[in-house]
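Here's the structure, in structure tokens; my notes come after.
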Amino acid sequence: MKKKILAAVFTDNMVFQRDKAVKLFGNVAAGRQVTIDFNSRTVSATADDNGYWETELAPMSAAPNLSLTAVCGEDKVVLNNIAIGEVWLAGGQSNMEFVISSCTDWDRVKDVKDRDFNVRFFYTPKFAYVTDEYYEAFDNAHWQLADDEGFKDWSAIGYLFAEKLSKDLGVTIGIIGCNWGGTSASCWMSREAITADDETRIYMDEFDERNKDIPLDVQRKDYDEYVVYDTAWNERSQKLFSEHPDTDWFEAQKIIGECKWPGPINNYNPFRPTGQYWQMIRKISPYTLRGFIYYQGENDDMRPRMYDRLLTNLIRLWRKDWEDESLTFIITQLPMHKYSGSPDFKNWPILREAQMHVFDTVANTGIAVIPDCGQYNEIHPVNKGPVGYRLALQAEYKPYGLIDEEDAFGPVYTHKEIHGNVIETFFKHCKGGLVLKGEPEYYEIAGADKIFHPADIKVKDSSIEFSSGNVKEPVYARYCWSNYCTPTLFGANGLAASPFRTDMNDELDTNIGSDVMQQNLET
Numbered sequence: 085m086k087k088k089i090l091a092a093v094f095t096d097n098m099v100f101q102r103d104k105a106v107k108l109f110g111n112v113a114a115g116r117q118v119t120i121d122f123n124s125r126t127v128s129a130t131a132d133d134n135g136y137w138e139t140e141l142a143p144m145s146a147a148p149n150l151s152l153t154a155v156c157g158e159d160k161v162v163l164n165n166i167a168i169g170e171v172w173l174a175g176g177q178s179n180m181e182f183v184i185s186s187c188t189d190w191d192r193v194k195d196v197k198d199r200d201f202n203v204r205f206f207y208t209p210k211f212a213y214v215t216d217e218y219y220e221a222f223d224n225a226h227w228q229l230a231d232d233e234g235f236k237d238w239s240a241i242g243y244l245f246a247e248k249l250s251k252d253l254g255v256t257i258g259i260i261g262c263n264w265g266g267t268s269a270s271c272w273m274s275r276e277a278i279t280a281d282d283e284t285r286i287y288m289d290e291f292d293e294r295n296k297d298i299p300l301d302v303q304r305k306d307y308d309e310y311v312v313y314d315t316a317w318n319e320r321s322q323k324l325f326s327e328h329p330d331t332d333w334f335e336a337q338k339i340i341g342e343c344k345w346p347g348p349i350n351n352y353n354p355f356r357p358t359g360q361y362w363q364m365i366r367k368i369s370p371y372t373l374r375g376f377i378y379y380q381g382e383n384d385d386m387r388p389r390m391y392d393r394l395l396t397n398l399i400r401l402w403r404k405d406w407e408d409e410s411l412t413f414i415i416t417q418l419p420m421h422k423y424s425g426s427p428d429f430k431n432w433p434i435l436r437e438a439q440m441h442v443f444d445t446v447a448n449t450g451i452a453v454i455p456d457c458g459q460y461n462e463i464h465p466v467n468k469g470p471v472g473y474r475l476a477l478q479a480e481y482k483p484y485g486l487i488d489e490e491d492a493f494g495p496v497y498t499h500k501e502i503h504g505n506v507i508e509t510f511f512k513h514c515k516g517g518l519v520l521k522g523e524p525e526y527y528e529i530a531g532a533d534k535i536f537h538p539a540d541i542k543v544k545d546s547s548i549e550f551s552s553g554n555v556k557e558p559v560y561a562r563y564c565w566s567n568y569c570t571p572t573l574f575g576a577n578g579l580a581a582s583p584f585r586t587d588m589n590d591e592l593d594t595n596i597g598s599d600v601m602q603q604n605l606e607t
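Quick note on this note's numbering: the sequence shown kicks off at 85 and runs consecutively.
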């Protein structure tokens, strides 16, 4: 019944955003009037020619256990146990989707009594095109409480982020999970947003060129055949890795056959550009939020130099869809990752650099730096606790103002000075000094020839001196410039320093992309 008046995201147990005008919306017959009663307030709206209606409630303070009544003609919907608190959307790909029951924190929260009941969760059904199952899934979607059976499938990062916020803010936190493993940022954007930028339009241009002469029925057949292959391949893969867990990725494909994921990128493939935008993001917007937490980038590592444009445009689009330029957007900087046997293409440090650049240049953004949270040979690290915690620290700095900047960040590189044969790198966010944990590896230095050598370092209060007997006239320095290595630089607050390089033109070969990576994989 609620679907006849209110959008799918409005259900029992939902959380409304406090201290902001709360948007209400849905679909009814064109021209019909909808009246909403909530918390001693009454608002009305008339559906447009497409049946869409929208109105809003004036800002309200945090409150528990409220009811909402929506009336349209003879139809009436009553929703109960509504809280007013803080609402965040948890977006991205598989590491944001990663469920709490597979996380190292599961032992702590698997008993119902140990969970935070001031956290609630709405999971956006995963669809990339409209089917009968699509409508059924959204009809059944609902806000969940921490004692629901579905808790085990909540986003681990989403819950752990909200758990800290609920305790520190003292209000109910609502998390809207809107994520899908294996997705590019382009999957979460509109065609117009992708093609408006001369750099990022290649995502759409390649898709169009690939499919322009292929009839839709042939595209469907191609994708269906791939699904059959992929299902059988996954069964072989699970069997192989359960019996031989140390098998590396490339050896596995020699044994069980080529992994053809993600299959033909056509109009039936969920991983196509725009795939999740209309059927997921636009099913939620403009539900009133405080902001977004976002963990994504792994599937854009073939074009790492373009990622700052892609992510910047995604942020702009989502804020436009929510009609709120002030929405906080907290980026999760990628951790360390490399598969056993895989070359280090050094494309992930470029992605991390791009994420930091977006943080530096786009207003109302935060960044959780997690280089120490990676897991070798595993793209889905199981310890999500530090990730949720650091995302929460970012939120508690901005927008909430509970902590100061120095408590929210580890050391971040700012600039360099060259003194003879020494490069001195300077940092902000190092109150209490810089802390070295373990042997000082992955500090490198190079001259004008751009050939890097391991550096000797001297750690000072807010700077590090790099030098090497092999580099008489240094020009470049960098730290943890690798897809996978062990970070050793931290702040006194325990937060890891962000990997960095002093100059973006320090590479001998700047052609890091899909062609070079594929050539390496084939040799």
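For every residue, glycine included, the Cβ atom is placed at its ideal position computed from N, Cα and C.
Taking C-alpha positions only, Gln363 is separated from Val214 by approximately 7 angstroms. Looking at the DSSP output, Gly450 sits in a beta bridge with Ile414.
Beyond the five residues adjoining it in sequence on each side, Asp96 comes within less than 8 angstroms, by CB distance, of Leu163, Asn164, Asn165, Ile166, His226, Trp227 in the same chain, given in chain order. A Cβ-Cβ distance of about 6 angstroms is found for the pair His421 and Trp432, placing them in contact under the 8 angstroms criterion. Distances from the CA of Tyr287 to each of Asn383, Asp590, Leu518, Glu557 were compared; the closest alpha carbon is that of Asn383. The region 306-326 makes no contact with the region 410-430, as fewer than three CB pairs between them are under 8 angstroms. Between Thr130 and Gly115 the beta-carbon gap is near 7 angstroms, inside 8 angstroms, which marks them as a contact. Taking 8 angstroms as the cut-off, the beta carbon of Ser178 is found closer than this to the beta carbon of Gly265. Here the region 236-249 makes contact with the region 180-191; the two share three or more CB pairs at distances below 8 angstroms.
Residue burial annotation: Asn353 is buried, with at least 16 other C-beta atoms found within 10 angstroms of its C-beta. The C-alpha of Glu290 lies about 19 angstroms from the C-alpha of Leu398. Secondary structure at Glu549: strand, using DSSP grouped into helix, strand and coil. Taking C-alpha positions only, Leu229 is separated from Arg320 by approximately 37 angstroms. Taking the C-beta atoms as reference points, Val496 is found nearer than 8 angstroms to Ser582.
A Cβ-Cβ contact shorter than 8 angstroms links Ile529 with Ser551. Beta-bridge analysis with DSSP links Ser274 to no other residue.
The bridge partners DSSP lists for Arg294 come to none. Look at Gly516 here: in three-state DSSP terms it is coil, with no helix or strand label. Contact annotation, Trp172 with Phe376: C-beta distance approximately 7 angstroms; criterion of less than 8 angstroms satisfied.
Of the residues Lys194, Asp191, Asp231, the one whose Cα lies closest to the Cα of Val203 is Asp231. In this structure Ala105 is exposed. Its beta-carbon is surrounded by fewer than 16 other beta-carbon atoms within 10 angstroms. By the Cβ criterion, the region 476-495 is in contact with the region 248-266, since at least three pairs of Cβ atoms, one from each stretch, lie closer than 8 angstroms. By the beta-carbon neighbour count (other beta carbons within 10 angstroms, threshold 16), Gln322 is exposed. Taking all protein chains in view, the Cβ of Trp345 is surrounded by fewer than 16 other Cβ atoms within 10 Å, so the residue is classified as exposed.
DSSP places Thr279 within a helical segment (H, G or I) once states are collapsed to three. Here Arg374 is not near Glu138, since their CB atoms are 8 angstroms or more apart. Glu549 and Gly575 have their C-alpha atoms roughly 17 angstroms apart.
Burial check for His513: the Cβ neighbour count within 10 Å reaches 16 or more, so the residue is buried. Considering only Tyr218, Asp301, Glu233, the residue with the shortest C-alpha distance to Asp195 is Glu233. Taking the C-beta atoms as reference points, Tyr371 is found nearer than 8 angstroms to Lys107. The C-beta distance from Ala580 to Pro455 rounds to 5 angstroms, short enough to meet the 8 angstroms contact threshold.
Ile463 and Lys521 have their alpha carbons spaced roughly 24 angstroms apart. Nearest C-alpha to Ser566 among Gly176, Gly175, Gly458: Gly458. With distances taken between CA atoms, Met144 lies nearest to Val99 out of Val155, Val99, Val312.
Ile502 has its alpha-carbon roughly 6 angstroms from the corresponding atom of Glu508. For Leu141, the enclosing beta strand (DSSP E) begins and ends at 136-141.
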